Amino acid sequence: MKYTSQMVAKPYFIFALILLAGEILFGLLMAVQYLFGDFLFPLIPFNVLRMVHTNLLIVLILFGFMGASYYLVPEEAERELWSPKLAIITFWVFAVTGVATILGYLFVPYAELTELTFNNLLPTMGREFLEQPLPTKLGIVLVVVSYIVNVTMTVILGRKTVITTVLFTGLFFMAAFFLVAFYVPENLVLDKFLWWFTIHLWVEATWELILGAILAFVLIKVTGVDREHIDKWLYLIIAMTMISGILGTGHHFFYMGAPEYWLWIGSIASAVEPLPFFLMILFAFTMSKNRKIKHDNEMALTWAKGTAVVSFLGAGVLGFIHTLAPVNMFTHGTQLTAAHGHLSFYGAYIMIIFTIISYAMPIMRGRPHGNCAKAQALELKSFWMMNIGMVGLTLSLATAGVMQILDQRVGTELLGFMESQTTIAGVYTVRAGFGVLVFLGLLTYFASFFVKEEQIA
Amino acid sequence: MPRHLSIKAPYPPGDFAIWIIIYVELLTFSLLFIGYAFSRRAEVELFNASQLVLNQTSGFINTLILITSSYFIVKAVQSIKNMTKQTTQSANSVASKWLLSAMFLGFLFLLMKVSEFTQIFGMGINLSTNTFFMFYLLLTMFHFMHVMLGLIILGNIYQKTKRVGYTTDDYSGIETGASYWHLVDLLWIVLFPLIYIIR
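Chains as they are written, first to last, in this note's numbering: chain A, 1 to 457; chain B, 1 to 199.
Put into structure tokens, the structure is as follows:
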């Protein structure tokens, strides 16, 4: 580690991993509820579990991104972080706000929560993924602004690189698009239309810039390939991502009251969307093949290659199979959407967080060459457990989705929702099994942190 | 004819990355062209009637403009590729003049298109008018943006020729930009007959 202020990344990484454990646990509880509908009722109903599950995901990714930025920006800018103290304050503000919000979801009925948190002053609650109470939303704005200021100041005062430029662009637009979450028009179609500006443009545009920057940083470090070479790939990938991703917003505007031309714009842009992900695979594997150094931390490179492959499968392939308008007419809102959502978030964002953590954590713990072979072997085991678990879980959900479509949307003899769910129960059991494997994989990953360093000494 | 190969592989010309972009662009436009063809089959009469509203003469002039500009780009690249160490300065200077002429035509194309769009929008036509105009506007506006990007790229290359930036060892940049400009040209050559002419 070159700069002491990079250490502020550590609590962010640790907290992100704790939140990930929570997220998976809540996911598992829901998997059980799919099989036994009254499980935990009325203590924690499904809608609350789902809200906690998705909100934890968003918050943990933000924690991961912040940790990654605070780690890589000083090294890229070749100077200490502008204000490590601000980064620590931001951490605590975000952690307290996040935990309080989750506790609020769990222990206060949602309607009551809206009253307690002044939703009447500026109604923003009650929308999927943006359920956060007003104070939490304001907290997120404060946290993100402080994060951007810290990163920007460090970059302005230090060396400017393509990686920091891409990262900054991602961060800036991420903050800008979140502001849309504060505007809730009365027209329901317009509301949904604008809602996607935050949801889609975070996930399929701005976050992808951040992902690209982190991936490029780790690849430079572990492969020793020339920065110039990596920069070119990064530009190519992000340019393609941005164009297809922004126009791809159109695939959310199908059959919801928006003009018909979105059927074409959304479908065609979505057909192109897998390409930048495919380029990312070429990028990671070409850099790995042309590497100039053999870094002892092999797991960081494994995660980097993994994130490219799994995000292509999850975001690219699984996304494309249901974003053509005529297909989406049948698949919309089924478990097929859930299948895509799970593998894309895992592949693109959770795995990139694992990538940077696996690279940076050993360094921050005084192991510049990575963890010892034994720890890395255990980590590799966790890598495969989580990946096999996630792919299995996704394939189960995709199967469930297809069954649901055939039961409820194709032909004339259609089943009701609950009736259809009963026919899918077997698949849901398999899904829960794979979910357990993912959780065990995460526990194995945690265990790899505690393997004693036998070789040093 | 003296020929000085760059240190990079002579084919495909220019940076490899531009070829990825070119193929992706071709794929995207192909999808739109195929979409147009299928939609036209379903509503032939509507497409034929709507097509009459378009100004074919200005479309044709624009085709000539783009093809000529592409020729100018070829001349610019030729001037750079044929230079020797002794003629570097004059070759860059000649190339800069060809580039400037090509850019002038590029701007002319944009002006013609703006006047066409003004006319179309003046008639109250928009993306929701019918399927033909949706495709017409999507394709031509998307292409319009490509011409704008092409001009920015040509502008950068022009600046470099002014600085005598291309040498016998390194002229990959001008080939990269030229490849992109030819793509813009090629797309229009398919787009023009498809949307304006074929009935």
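Backbone N, C-alpha and C define an ideal beta-carbon position, used for all residues, glycine too.
Predicted model only: the values in this text are computed from it and were never measured.
Next item on the list: Can you pull the chain B residues whose beta carbon is under 8 Å from the beta carbon of Ile265 (chain A), in chain order?
Entry: At a C-beta separation below 8 Å, Ile265 (chain A) has these neighbours in chain B: Leu138.
Next item on the list: Taking the CB atoms as reference points, tell me whether Leu415 (chain A) and Gln408 (chain A) lie closer together than 9 Å.
Entry: yes
Item checked: Residues of its chain near Asn55 (chain A), where Cβ-Cβ distance is below 8 Å and the 5 sequence neighbours each way are ignored -> Within the same chain, Cβ atoms closer than 8 Å to the Cβ of Asn55 (chain A) are found at Thr101, Ile102, Tyr105, Phe129, Glu131 and Gln132, the five residues on either side in sequence being excluded.
Notebook entry, point to check: With distances taken between CB atoms, is the gap from Leu236 (chain A) to Ile352 (chain A) smaller than 9 Å?
Noted result: no
Next item on the list: Could you run through the segment 229-247 of chain A and flag, in chain order, every residue whose CB is less than 7 Å away from some CB of chain B?
Entry: Lys232, Leu236 and Met240
Margin query: Leu171 (chain A) and Ser83 (chain A) - do their beta-carbons sit closer together than 9 Å?
Written below: no
Checklist line | Whole-angstrom C-beta distance between Leu110 (chain B) and Ser69 (chain B), which should lie under 8 Å | finding: Not a contact, Cβ separation roughly 11 Å.
Margin query: What does the alpha-carbon distance come out to for the pair Ala375 (chain A) and Phe449 (chain A)?
Written below: 7 Å
Checklist line | DSSP three-state assignment for Lys10 (chain A), whether helix, strand or coil | finding: helix
Margin query: Taking 9 Å as the threshold (beta carbon to beta carbon), is Ser153 (chain B) in contact with chain A?
Written below: Note that residue 153 (chain B) is Ile in the sequence shown here, rather than Ser. With 9 Å as the cut-off, Ile153 (chain B) does not count as an interface residue toward chain A.
Margin query: Can you confirm whether Leu20 (chain A), when its beta carbon is compared against all beta carbons of chain B, has any partner nearer than 9 Å?
Written below: no
Checklist line | Beta-carbon separation (whole angstroms), Gln33 (chain A) vs Leu40 (chain A), contact threshold 8 Å | finding: 7 Å
Margin query: 9 Å is my cut-off, CB to CB: does Ala17 (chain B) come that close to chain A?
Written below: It does; some Cβ of chain A falls within 9 Å.
Next item on the list: Spatial neighbours of Glu379 (chain A) within its chain, please: CB distance less than 6 Å, with the 5 preceding and 5 following residues excluded, ordered by chain position.
Entry: Met299 and Ser448
Checklist line | Presumed contact (8 Å Cβ cut-off) between His342 (chain A) and Thr307 (chain A), rounded CB distance | finding: The Cβ separation is near 15 Å, so there is no contact.
Notebook entry, point to check: Closer than 8 Å: is that where the CB of Ala300 (chain A) sits relative to any heavy atom of the ligand PLP?
Noted result: Ligands are entirely absent from the displayed structure, and the ligand PLP is therefore not among its contents.
Margin query: With distance defined between alpha-carbon atoms, name the residue in A:Ile405, A:Ser382, A:Lys85 and A:Val427 nearest to Gly392 (chain A).
Written below: Of A:Ile405, A:Ser382, A:Lys85 and A:Val427, the residue nearest in Cα terms is A:Val427.
Next item on the list: Select from the segment 22-45 of chain B all residues with a C-beta closer than 8 Å to any C-beta belonging to chain A, and list them in chain order.
Entry: Interface annotation for the segment 22-45 of chain B against chain A: Val24, Leu27, Thr28, Leu31, Leu32 and Gly35, criterion Cβ-Cβ distance under 8 Å.
Next item on the list: Excluding the 5 residues preceding and the 5 following Ile163 (chain A) in the sequence, name in chain order all residues of the same chain whose CB lies nearer than 6 Å to its CB.
Entry: Glu76, Ala213, Ala216 and Phe217
Note to self: For Phe277 (chain A), count the other beta carbons within 10 Å of its own beta carbon; 16 or more makes it buried, fewer makes it exposed. Which is it?
What the structure shows: buried
Notebook entry, point to check: Do Ile73 (chain B) and His182 (chain B) come within 9 Å of each other at the CB atom, strictly closer than that value?
Noted result: yes
Notebook entry, point to check: So, is the C-beta of Met134 (chain B) closer than 9 Å to a C-beta in chain A?
Noted result: yes
Checklist line | Lys452 (chain A) - DSSP class collapsed to helix/strand/coil | finding: coil
Item checked: Distance between Leu194 (chain B) and Val53 (chain B) (C-alpha atoms, nearest Å) -> Each residue's Cα considered, the two are about 15 Å apart.
Note to self: Is there a Cβ of chain A sitting closer than 9 Å to that of Leu127 (chain B), yes or no?
What the structure shows: yes
Next item on the list: For the alpha helix (DSSP H) holding Glu488 (chain A), just list the boundary residues, first then last.
Entry: As shown, chain A starts at 1 and ends at 457. That puts residue 488 (chain A) outside it, with no answer to give.
Next item on the list: Closer than 6 Å by C-beta to Thr334 (chain A): which residues in its own chain qualify, once you throw out the five before and the five after it? Chain order, please.
Entry: Gly401, Gln404 and Ile405
Checklist line | Spatial neighbours of Met1 (chain B) in its chain, beta-carbon cut-off 8 Å, leaving aside the 5 residues before and after | finding: Legend: pLDDT at Met1 (chain B) = 42, less than 50; position of this residue unreliable, no value from coordinates given.
Item checked: Runs of alpha helix (DSSP H) lying entirely within the segment 139-166 of chain B, each at least 4 residues, in chain order -> none
Checklist line | Beta carbon proximity, Ile20 (chain B) to chain A, threshold 9 Å | finding: yes
Notebook entry, point to check: Taking Leu442 (chain A) as the reference, which of A:Phe383, A:Arg431, A:Ser420 and A:Thr423 has the closest Cα?
Noted result: A:Phe383
Notebook entry, point to check: When the cut-off is 9 Å and only beta carbons count, does Pro274 (chain A) lie next to chain B?
Noted result: No, Pro274 (chain A) lies away from the interface with chain B (no Cβ there is under 9 Å from its Cβ).
Margin query: Using a Cβ-Cβ cutoff of less than 6 Å, which residues in the same chain neighbour Ser39 (chain B) once the five nearest sequence positions on both sides are dropped?
Written below: These residues qualify, in order along the chain: Thr131.
Note to self: Can you give me the C-alpha to C-alpha distance between Leu163 (chain B) and Tyr180 (chain B), rounded to a whole angstrom?
What the structure shows: A small correction: the amino acid at residue 163 (chain B) is Arg; Leu does not occupy that position in the sequence shown. Distance between the alpha carbons of Arg163 (chain B) and Tyr180 (chain B): 22 Å.
Notebook entry, point to check: For Gln51 (chain B), which residues from the same chain have a beta carbon less than 8 Å from its beta carbon, with the 5 sequence-adjacent residues on both sides left out?
Noted result: Beyond the five residues adjoining it in sequence on each side, Gln51 (chain B) comes within less than 8 Å, by CB distance, of Phe132, Ile195, Tyr196 and Arg199 in the same chain, given in chain order.
Checklist line | Under 8 Å (Cβ pairs) to chain B, residues found in the segment 206-227 of chain A | finding: Of all residues in the segment 206-227 of chain A, none has a Cβ within less than 8 Å of some Cβ in chain B.
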